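A short write-up of the structure that comes next.
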Amino acid sequence: MLLPLPLREAYDYRVPDGMELVPGDFVEVPLGPRRLIGVVWGPGAGTVESVRLKAVVRRFDVPPMTEVGRRFVEWVAAYTMTLPGFVLRMAVSVPSALEPPKPMLAYLRKPDAEPPPGFKMTDPRKRILALLTDGPPRTPAELAEEAGCGVTVVRGLAEAGLLDPVMLQPTRLGRPDWRRPGPALSANQQGAADDLRERVTSGCYSTVLLDGVTGSGKTEVYYEAISAALEQGKQALVLLPEIALSAQWLDRFARRFGAPPAEWHSELTGAQRRDTWRAVSKGEVPVVVGARSALFLPYPDLGVIIVDEEHDSAYKQEEGAIYHARDMAVARAHLGGLPIVLVSATPSLETKVNADSHRYARIELPSRHGGAVLPDVELVDLRRDRPPARHWLAPSLRKALTDTLAGGEQAMLFLNRRGYAPLTLCRACGHRMQCPNCTAWLVEHRLARKLQCHHCGLQQPLPHACPECGEEGTMAACGPGVERIAEEVAELFPDARAAIMASDTLHGPRAIQEMVESIGRHELDIIIGTQVMAKGHHFPMLTLVGVVDADLGLNGGDLRAAERTYQLLHQVAGRAGRGERPGRVMLQTFMPEHPVMQALAVGDRDGFYQLEAEMRLEAGMPPFGRLAALIVSGEDPTLVERVAMALGRAAPRSDTVHILGPAPAPLALLRGRHRRRLLMKAPRSTQVQPLIAEWLDRVEIPPAIRVQIDVDPYSFL
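Sequential numbering of the sequence shown, starting at 3, is according to the working numbering.
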């Protein structure tokens, strides 16, 4: 029996008389004084006498975890060097879903019922009764929300005998209909769609890169792969990097298939997660769209996996079980013998190299749909075209904004930095406002009048005086965030309708959807935002994109800094000119000669990737070599340093395997824990997991110290 705890192996339990269990069954078992959920993993080891074994308490009435699902848990645990029980916890993330769903209380209007003497018919009560006239039964929460009152008003009507209670079973979403005709596809799109449909129909494993420029209709093409899976009675999984930001995607899906998919992401309520998990396990949900954790749902008959924006760093899970959802999705498809489609206009270098070497298939969509053309990209050299003092928009970008607004079109200003300013310091003594828990500056959010750490979430009011020297009126904001750009836009264009689009100003999917719809209706002229607005959105009247600081992602010496910057700026540029009007992109930079800027300016994507690949190959870095990191952390910096040094001395060394460090992590203090990093560098053919296991066995790790293993690290914070 494998339990969803940080355990290395399964435990033996006794099966009571009259109970029949098969591998994959979900059960309740005792463990000490507690009762826990477990999954039958196979026959017992037989190392404990049967009389000493504790008995299984009960079996849950849900379909068992499939063999593929169990093998996937084991594979992820082995590859990421995570305890199997810890990975199982991601697959059994909603324990309440194992229990039968409880009927929901709802009400009908009682025919011909009259209010009792003295019962006052207030306006809210009248509205509720009107809602129930000739209508279906409604829950108290639904009635209260629609009538604009509290649920106590509904209960009062029921107690007065004016409503009849009924019990409803939770309802399922409508089923997407693959028979509905999709939009007319171009010849290129149709060829790509036919290829994907054939792969899904064959029911065999394959990994294919759907490589199309922004606006080429990649989504409509892979919808045909989903349609093919539904036609066969199978399930489809679509992974999106920012599921809460996908309102347009959900609307397009509902228009194409006549019903929405099931969603799986952190914004769902506990009840929604419970109902969705159970429905997926019973095969009642044909299509799931979700964030990376949706990969671990209990699919009984998965037919295709789509990984949209496969290059996105949001697919990397950095806490707990550290894994990359794109890579684990490929493994899940291989184990299940089904096709997987990796979708991007700017593929990760790993995926592109796999496609170039024919390990992955490639389908290309080289042009935009409907006659739209890719936007022109201009480099604004900030060394020559300088903004005025304490301003951030160059004169040429200001003029372009003026011309765009005069033409009745929309503009987008992009800066991947939330808040008002990334740093606040004292002009008198130079003191910088730093997070006490992290190696990070506190970011000023002037609209909310607070300083915030974007790593641990610490918040504090803006100080009136310097906490170091006590001088008042000396605290100054340094550098721009989106709020500061919005302030400059309001100064330059007071009549323009402008809004900020960032994750800390738009709370939840509904707010994002409202903003997207508002932009689509041309209720806004200028949108100032972060990477929230860089992905997937289609605004026909948006013709100008201005990037305030194109150099921002190139700092820090990260292995993937150039690749990430190119991908992000390419995606941002792709928002311009997606309708009938041509687009224009202006990148403000102090390094116009940088290969990233040059590749964007001339549209030479493949040239950039070739240069990046040559540099990685020469250095033996991924995807041409292997990396694995050990992150040593704890609250006592002396103990952390001692353990890190011991690991450094015990590290495996050879002519091909090299250990770098220990060294302080770039975020040497994170959420109150001091951090040191060691990095293993090895040839691509090396299996790093056995080497790391042997390495860790040589060093005793104190309980107060945590050592995290990151196989194939994606970021180096």
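Glycine included, every Cβ here is placed at the ideal spot set by N, Cα and C.
Quick caveat: nothing in here was measured; it's all calculated off a predicted structure.
In the structure shown, residue 402 falls within a helical segment according to DSSP collapsed to helix, strand and coil. The secondary-structure analysis by DSSP pairs residue 206 with nothing; it has no beta-bridge partner. As summarised for the region 342-381, the continuous alpha helix (DSSP H) elements at least 4 residues long and confined to that stretch are 351-358, given in chain order. The alpha-carbon separation between residue 439 and residue 479 amounts to approximately 21 angstroms. Following the DSSP letters along the chain, one finds residue 336 in no beta strand (DSSP E) but inside the alpha helix (DSSP H) bounded by residues 327-338. One Cα belongs to residue 441, the other to residue 349, and the distance between them is close to 32 angstroms. Within the DSSP secondary-structure output, residue 157 pairs in no beta bridge. With respect to residue 417, residue 528 sits apart: the two C-beta atoms are not nearer than 9 angstroms. Buried is the label assigned to residue 84, since at least 16 other Cβ atoms lie within 10 Å of its Cβ. In the three-state scheme derived from DSSP, where H, G and I count as helix and E and B as strand, residue 572 is classed as helix. Distance from the CA of residue 702 to the CA of residue 336, rounded to the nearest whole angstrom, comes to 37 angstroms.
Listed as beta-bridge partners of residue 109 by DSSP are 140 and 167. Note that the C-beta distance between residue 195 and residue 227 is below 9 angstroms.
For residue 459, the number of other beta carbons within 10 angstroms of its own is below 16, and it is reported as exposed.
In the same chain as residue 106, and ignoring 5 residues on each side of it, the C-beta atoms closer than 6 angstroms to its own belong to 141 and 170, in chain order. Here the region 520-534 makes contact with the region 487-499; the two share three or more CB pairs at distances below 8 angstroms. Just so you know, the alpha carbons of residue 589 and residue 275 end up roughly 42 angstroms apart. Nearest to residue 550 by C-alpha distance, out of 587, 352 and 627, is 587.
Counting every other CB atom within 10 Å of its CB across the protein chains shown gives residue 291 a total of 16 or more, marking it as buried. With a threshold of 16 other beta carbon atoms within 10 Å, residue 678 meets it and is buried.
Closest in alpha carbon position to residue 206, among 41, 304, 599 and 457, is 304. Counting every other CB atom within 10 Å of its CB across the protein chains shown gives residue 689 a total below 16, marking it as exposed. C-alpha of residue 51 to C-alpha of residue 212: approximately 55 angstroms in a straight line. Taking every protein chain shown into account, the CB of residue 631 has 16 or more other CB atoms within 10 angstroms, so this residue is buried.
DSSP places residue 30 within a strand segment (E or B) once states are collapsed to three. Taken atom to atom, the span from the alpha-carbon of residue 617 to that of residue 653 is near 27 angstroms. Contact fails between the region 459-474 and the region 390-401, because fewer than three Cβ pairs, one in each stretch, are under 8 angstroms apart. Rounded to the nearest whole angstrom, the CA to CA distance from residue 446 to residue 486 is 10 angstroms. Under the 10 Å beta carbon count, residue 468 is surrounded by 16 or more other beta carbons and is classified as buried. Within the region 206-292, the complete beta strand (DSSP E) runs of at least 3 residues fall at 208-214, 237-241, 264-266 and 289-292.
Per DSSP, the beta-bridge partners of residue 635 are 677 and 708. Of the residues 35, 312 and 712, the one whose Cα lies closest to the Cα of residue 293 is 312. With three or more CB-CB distances shorter than 8 angstroms, the region 599-611 counts as touching the region 561-575. By the neighbour-count criterion, in which a residue is buried when 16 or more other Cβ atoms sit within 10 angstroms of its Cβ, residue 676 is buried. Counting C-beta pairs with one atom in each stretch, the region 60-75 and the region 23-31 have three or more that are closer than 8 angstroms, which means they touch. The three-state reading of DSSP puts residue 177 in coil, since its state is none of H, G, I, E or B.
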